[in-house]
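Take a look at the structure below.
Number of protein chains: 2
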Amino acid sequence: MTRRVTIADIAAAAGVSKGAVSYALNGRPGVSETTRTKILAIAAEMGFVPNRAARSLSVSSAQAVGIALRRSARTIGIEPYFMELISGIEATLSAGSFGLTLQIVGTVEEELEVYRRWWAERRVDGVFLCDVGTSDQRLDFIADLGLPAVAVGGPIEGARFPAVWHDDVEPSRDILEYLYTLGHRRVARIAGIPGLLHTAIRDKAYDDTAADLAFESVTTIHSDYTGEQGAQITRRLLSSAKRPTAIVYDNDVMAVAGLGVAHELGLEIPEQLSLVAWDDSQLCRLTHPALTSLTRDIPAYGAKCAEVLLTLIGAATEAAHQGAETRTFSVQCKPAQLSPRGSTGPAQT
Amino acid sequence: MTRRVTIADIAAAAGVSKGAVSYALNGRPGVSETTRTKILAIAAEMGFVPNRAARSLSVSSAQAVGIALRRSARTIGIEPYFMELISGIEATLSAGSFGLTLQIVGTVEEELEVYRRWWAERRVDGVFLCDVGTSDQRLDFIADLGLPAVAVGGPIEGARFPAVWHDDVEPSRDILEYLYTLGHRRVARIAGIPGLLHTAIRDKAYDDTAADLAFESVTTIHSDYTGEQGAQITRRLLSSAKRPTAIVYDNDVMAVAGLGVAHELGLEIPEQLSLVAWDDSQLCRLTHPALTSLTRDIPAYGAKCAEVLLTLIGAATEAAHQGAETRTFSVQCKPAQLSPRGSTGPAQT
DNA sequence: CAGTATCGCTTAACCGGATAAGTAGCGTCA
DNA sequence: TGACGCTACTTATCCGGTTAAGCGATACTG
């Protein structure tokens, strides 16, 4: 079992003081180039890595950010979204040698408690806020703590910290116009959880677009994003007298479940029913027919979120030293693109 | 922006010294019950939460464990396995108020580097080792570091740290016997990555069982676990002259992809082809027909892994203080159970 | 009643870095 | 030649906890 190397060890080896070593390692003035080179060489040779706790204690930064996910153990795995997001976040974080602390919680109260603890413990320098709601108590809570944060989703009006988001209005319109062009007149949408911001945004975009086109009916039914509900609602829709000729799902998991139900009922896809999924994961390409879906680059999205959070943390650190003011800025990403595949086709006449 | 409370603040408020506060908060002897109660009350009132860095620095523990996953950004999301595992791990960790640090890496070298850094920085007290290979360089590397670790998978002979695993031999036999009873005589298995320990274990279990029964052929083809390869290999198998009447997949994603291919080729499931998946996630119940699969409780498995790691960390801490020796112990979990669903049926005569 | 154990607390050192303040050595310049 | 400034360090303090050691005051004990 190797011993951990401290700056005191390096100082002893180099015949200088701890302070000199610290200056040398951090690229600060105060040591000659000769000494600096020598110290760096010794540090490298000894395999020195600074003790995070010690550094954190003196500079008051954790070099880590946190993400709390509010899902049950059984349902969290099924959605590819989070892992892809985290994967993108990670890519940016590790480039800046930040760590990612993950916590899975059951309720909002637990989530708020986690944020408070992280903040009080100084375990993280900032957090990502997922599943932003239309009226989200976490926003003020975190802003009041003074904890740097980035909302993953938006836009959020009057937010006290930045949001990274992409427009859902245009893609919503794209879907409906696409289906309209294919001749569909009765369209149903199995939407996500009603309280979520992006659900509300899509709801409105849907209604607005529907009003502009001569649909017979455009209905929205809210769900909880699970495959079970997706299947159940699809079954109900397809058993009704005037069943829709196209169904749009707010995520890929429900769309896959919906496809299963269509198979179960013996419906030909896309001849008798067209299906569209939001959030194109690999899942959409595994089914037959493959699911037409709204594609966006989620790892890139996560990377952007991380980038903004790191910038924010940097700014907060600056501000603490120089009293500069922190500006809230939002970042809009490229909207999702419709990827037509086998699950959509002309409506039956 | 609230100020963080330190033990010095509490000491001042209670009119005692920092030391007394520390004793009181940690439930150690050295203060009277009266004083202890008073200090605890003040601490609670002020909302005191200890600074993790400070505590870590003095007690040399991070109160966090790490998990490094070696997957690409695009493929990591699709497998429900990891999120379920992490979810289970989390449940146990947060009960012990440990944090989880997650890192996604691309190569083994990167992964080893992450472990070394975590260890040197004292960022984690222990790690989980996923995707254990048949000859895994990480095992010795981590053991040499003296970093407490738990292998998620096994059994590992002569390991220098514990493994949490479940028997794959019995379930492998279960599948083959089940298919044999249904009259299947030509069975194919699309296996996982050849270097992985559990792939090797299943390979052998398969061969052994096949030798005991009068199959016409039992073939194994290795893959990379992705839906693409699952689909591609399935397509090849089903296009061959003597195509199998049943295919077993080493994970659920490939099985879903295989089902898609079967649909694409117009095969009736299960009349013309039976499909079995390992690792029953919700995915298996979303398709039509639902996939017969090997069910195991992955969150519970993760919880067990975390429990063992925490025990190990506790033991290591003890050992450091008292010089006691650390015992390596392995934990075997309940093997996966076959859940027959619509994707399997009698072989066509 | 002196000797001593125990309680209840304070003091101070320590963990491993960062960093402000202090200082020795040397060149510069009036 | 002495005041001054600069370089290249060293020293000491701090971050916020933990903990060994110290130290009165009280209780116990032979």
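From first to last, the protein sequence lines are chains A and B. Using the numbering used here, you'd call the opening residue of the first sequence number 13 and step up by one each time. Using the numbering used here, you'd call the opening residue of the second sequence number 13 and step up by one each time. The beta-carbon is built from N, C-alpha and C at its ideal position, and this holds for glycine as well.
Cβ-based neighbour list, residue i, same chain, cut-off 7 Å, excluding 5 preceding and 5 following
i                     : result
residue 217 (chain A) : 180, 181, 184 and 185
residue 302 (chain A) : 296, 353, 354 and 355
residue 245 (chain B) : 202, 233 and 235
residue 317 (chain B) : 101, 140, 162, 164 and 176
residue 351 (chain A) : 292, 304, 305 and 307
residue 360 (chain A) : 257, 283 and 284
residue 299 (chain A) : 268 and 271
residue 310 (chain A) : 93, 96, 97 and 100
residue 190 (chain A) : 350
residue 312 (chain A) : 100
residue 55 (chain B)  : 22 and 37
Residues near residue i in its chain [Cβ-Cβ closer than 8 Å; skip 5 each side]
i                     : result
residue 272 (chain A) : 243
residue 364 (chain A) : The displayed coordinates of chain A run from 13 to 361. Any statement about residue 364 (chain A) would go beyond what the structure contains.
residue 172 (chain A) : 151, 152, 155 and 340
residue 68 (chain A)  : 74, 75 and 134
residue 166 (chain B) : 144, 175, 176, 177, 209 and 342
Neighbourhood of residue i by C-beta distance below 6 Å, restricted to the same chain and skipping five residues each side
i                     : result
residue 203 (chain A) : 211, 232, 234 and 262
residue 349 (chain B) : 307
residue 228 (chain A) : 197 and 198
residue 213 (chain B) : 180
residue 347 (chain A) : 178, 179, 182 and 183
residue 43 (chain B)  : 32, 35 and 36
residue 125 (chain A) : none
residue 89 (chain B)  : none
residue 358 (chain A) : 194 and 195
residue 82 (chain B)  : 117 and 123
residue 70 (chain B)  : none
residue 130 (chain A) : 78 and 136
residue 230 (chain B) : 199 and 222
Start-to-end residues for the alpha helix (DSSP H) that takes in residue i
i                     : result
residue 344 (chain B) : Per DSSP, residue 344 (chain B) belongs to no alpha helix (DSSP H); it is in the beta strand (DSSP E), 343-345.
residue 68 (chain B)  : 64-71
residue 184 (chain A) : 181-193
residue 26 (chain A)  : 19-26
residue 87 (chain A)  : 85-88
Beta-ladder partner(s) of residue i, from DSSP
i                     : result
residue 80 (chain A)  : A:115
residue 349 (chain B) : B:307
residue 208 (chain A) : A:145
Enclosing beta strand (DSSP E) for residue i [first to last residue]
i                     : result
residue 43 (chain B)  : Careful: residue 43 (chain B) lies outside any beta strand (DSSP E) and carries neither H nor E.
residue 200 (chain B) : 198-203
residue 231 (chain A) : 229-234
Check: residue i C-beta below 7 Å from any heavy atom of the ligand FMN
i                    : result
residue 46 (chain B) : In the structure shown, the ligand FMN is absent, as is every other ligand, since no ligand is present at all.
What residue ranges within the stretch 252-309 of chain B form continuous beta strand (DSSP E) runs of no fewer than 3 residues, ordered along the chain?
Fully enclosed beta strand (DSSP E) runs of 3 or longer: 258-261, 286-290 and 304-307.
Continuous beta strand (DSSP E) assignments of at least 3 residues falling wholly in the stretch 103-177 of chain B
Qualifying beta strand (DSSP E) stretches, in chain order: 111-117, 138-141 and 161-164.
The stretch 271-285 of chain B in contact with the stretch 73-84 of chain B per 3-pair CB rule at 8 Å
A contact between stretches requires three or more CB pairs, one per stretch, nearer than 8 Å, and the stretch 271-285 of chain B fails this requirement with the stretch 73-84 of chain B.
At a cut of 8 Å, does the stretch 97-112 of chain B reach the stretch 114-122 of chain A through at least three beta carbon pairs?
Using a C-beta cut-off of 8 Å, the stretch 97-112 of chain B makes contact with the stretch 114-122 of chain A, since at least three inter-stretch Cβ pairs fall below that distance.
May I ask you to verify whether the stretch 53-68 of chain B touches the stretch 48-62 of chain A, counting CB pairs closer than 8 Å and requiring at least 3?
Short answer: they don't touch.
Cβ contact check for the stretch 248-266 of chain A and the stretch 150-162 of chain A: 3 or more pairs under 8 Å:
At 8 Å Cβ cutoff, the stretches do not touch.
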